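Worksheet for the structure shown next.
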Amino acid sequence: MQQDDAALVQRLKARDKSAMEELLRRHGPKMFGVAMQIMRNETAAQEVMQDALITVWNKAGSFEGRSAFTSWLYRVTANAALMKLRKDKKLEHNVPLETYGGDSELPVLQLADPSANPVASVTGGELSDHVRAAIDALPEPYRTTVLLADVEEMSMDEVAAAMESTVPAVKSRLHRARLALRKELTPYLKDQV
Amino acid sequence: MSGVIDSFKSLFGFHSCREVHRLLFDYAQGTLDPELKKRMDEHLKDCPPCLNYVQTYRQTIKATNRCCAREAEIPAELRAKLEDFIRHKL
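If you read the sequences in order, they're chains L and Z.
Take any residue in the first sequence, note its place counting from 1, add 1498, and you have its number in our numbering.
Take any residue in the second sequence, note its place counting from 1, add 13, and you have its number in our numbering.
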């Protein structure tokens, strides 16, 4: 753990409220980034930030330092976002693909029309815009799985815990999501990555 | 005993491009059994379509990882709300 974060954690454990303001200054942008990635909406992201701050304030005392403080912080934020998605019923399995057979027989997910994403159509061509549009076109829970695993780089165990799922299910969803993204993005990947 | 192991490996090893698809996730994650990885590497050397498939799969992961801003500037108004929340609601 960074020296500064170690001191910050000690202050949080001592219930020093000014440490929360320091936390917001130091790690707020990343927390907000995680919240926005998942929620795609500033109002919802604000609620997620508040929920995450409450959790940090209440649970900092039990933080044992087994993982980096920042990793814990971002997991807390991702969990808060997932809880909100569940509450808003946006994390329902809206694509019945779990019943298919082996990976080699996996159907590629049918994405919603990524070109409908205004970011991609306005800027017209940057790889990152195409990727963002393709991710947003993924149905849940595939979209969130990709965001947590491949963008936020959470482990399979962490994603499974956050999504209240199993590691095999997370792996299966992640693989299907990647195949769907690959299919959509292949024309733009050439010579760009 | 080694015959049983060979049979097991043969059963779960790969002999075709189809097996590349089956093992792709673990191969890309770096969690594939070393023996299977070695055999897959050998297959990829001689199979341009599979190699292309694996490469574009990996490129997709990399592009996804790079696509999205990891930080987002908190708008001033929201920051003020959050600071107020910390001071008065926690």
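Built from N, CA and C at the ideal position, the CB exists for glycine as well.
Since we're looking at a predicted model, the values are computed, not measured.
Straight-line gap, residue i to residue j (C-alpha atoms, nearest Å)
i: Phe1561/L; j: Arg52/Z; result: 43 Å
i: Ala1578/L; j: Val1668/L; result: 19 Å
i: His1525/L; j: Gln1508/L; result: 16 Å
i: Tyr1640/L; j: Cys63/Z; result: 25 Å
i: Glu72/Z; j: Glu1650/L; result: The identity of residue 72/Z in the sequence shown is Gln, whereas the question assumes Glu. Straight-line Cα distance between these residues: approximately 17 Å.
i: Ala1675/L; j: Thr1575/L; result: 22 Å
i: Ala1678/L; j: Leu91/Z; result: 35 Å
i: Lys1511/L; j: Gly1563/L; result: 12 Å
i: Ser1516/L; j: Ala89/Z; result: 19 Å
i: Glu1603/L; j: Leu1551/L; result: Note that Glu1603/L scores 48 on pLDDT, short of 50, meaning its location in the model is unreliable and no value can be drawn from it.
i: Val1554/L; j: Leu1646/L; result: 19 Å
i: Leu57/Z; j: Ser1565/L; result: 37 Å
i: His101/Z; j: Gly1559/L; result: 20 Å
i: Ala1618/L; j: Thr1684/L; result: With a pLDDT of 41 at Ala1618/L, under the threshold of 50, the predicted position of this residue should be treated as unreliable, though the coordinate-derived value follows. Those two C-alpha atoms are separated by around 16 Å.
i: Met1661/L; j: Leu36/Z; result: 24 Å
i: Pro1594/L; j: Leu1636/L; result: Note that Pro1594/L has pLDDT 46, beneath the 50 cutoff, so the model's placement of it is unreliable and no number is given.
i: Cys60/Z; j: Asp46/Z; result: 20 Å
i: Glu1624/L; j: Tyr70/Z; result: 19 Å
i: Ile1536/L; j: Gln1544/L; result: 12 Å
i: Glu1596/L; j: Glu1638/L; result: Its pLDDT being 44, under 50, Glu1596/L is placed unreliably by the model, and nothing is read from it.
CB contact flag (residue i, residue j, <8 Å)
i: Glu84/Z; j: Lys1528/L; result: yes
i: Asp1634/L; j: Thr77/Z; result: no
i: Met1652/L; j: Arg1538/L; result: no
i: Leu1583/L; j: Thr1541/L; result: no
i: Leu1521/L; j: Leu95/Z; result: no
i: Leu103/Z; j: Met1581/L; result: no
i: Arg1630/L; j: Cys81/Z; result: yes
i: Ser1626/L; j: Arg79/Z; result: yes
i: Asp1655/L; j: Val1644/L; result: no
i: Asp1503/L; j: Thr1568/L; result: yes
Endpoints, the alpha helix (DSSP H) within which residue i is located
i: Ala1660/L; result: 1654-1660
i: Phe1530/L; result: 1515-1537
i: Ser1569/L; result: 1567-1585
i: Leu1551/L; result: 1540-1557
i: Lys1688/L; result: From DSSP, Lys1688/L is part of no alpha helix (DSSP H); its letter is neither H nor E.
i: Ile99/Z; result: 89-102
i: Val1649/L; result: Neither: Val1649/L is in no alpha helix (DSSP H) and is coded neither H nor E.
i: Thr1664/L; result: Note, Thr1664/L: premise wrong, no alpha helix (DSSP H); not H, not E.
i: Pro1639/L; result: That residue, Pro1639/L, is in no alpha helix (DSSP H); it is neither H nor E in DSSP.
Among the options, the one whose alpha carbon lies nearest that of residue i
i: Lys1681/L; options: Pro88/Z, Val67/Z, Ala93/Z; result: Val67/Z
i: Lys1585/L; options: Ala1558/L, Trp1555/L, Thr1553/L, Asp1549/L; result: Asp1549/L
i: Trp1570/L; options: Lys1587/L, Val1532/L, Ile1536/L, Glu1545/L; result: Val1532/L
i: Gln42/Z; options: His1673/L, Thr1684/L, Pro1685/L; result: His1673/L
i: Phe1530/L; options: His101/Z, Phe98/Z, Ile99/Z, Ile87/Z; result: Ile87/Z
i: Leu1687/L; options: Asp97/Z, Ala93/Z, Lys75/Z; result: Lys75/Z
i: Asp124/Z; options: Ala93/Z, Val33/Z, Ile99/Z; result: Nothing can be reported for residue 124/Z: it is not among the residues displayed for chain Z, which extend from 14 to 103.
Proximity test, residue i beta-carbon vs the ligand HEM heavy atom, cut-off 7 Å
i: Lys1582/L; result: This structure lacks the ligand HEM; in fact it carries no ligand of any kind.
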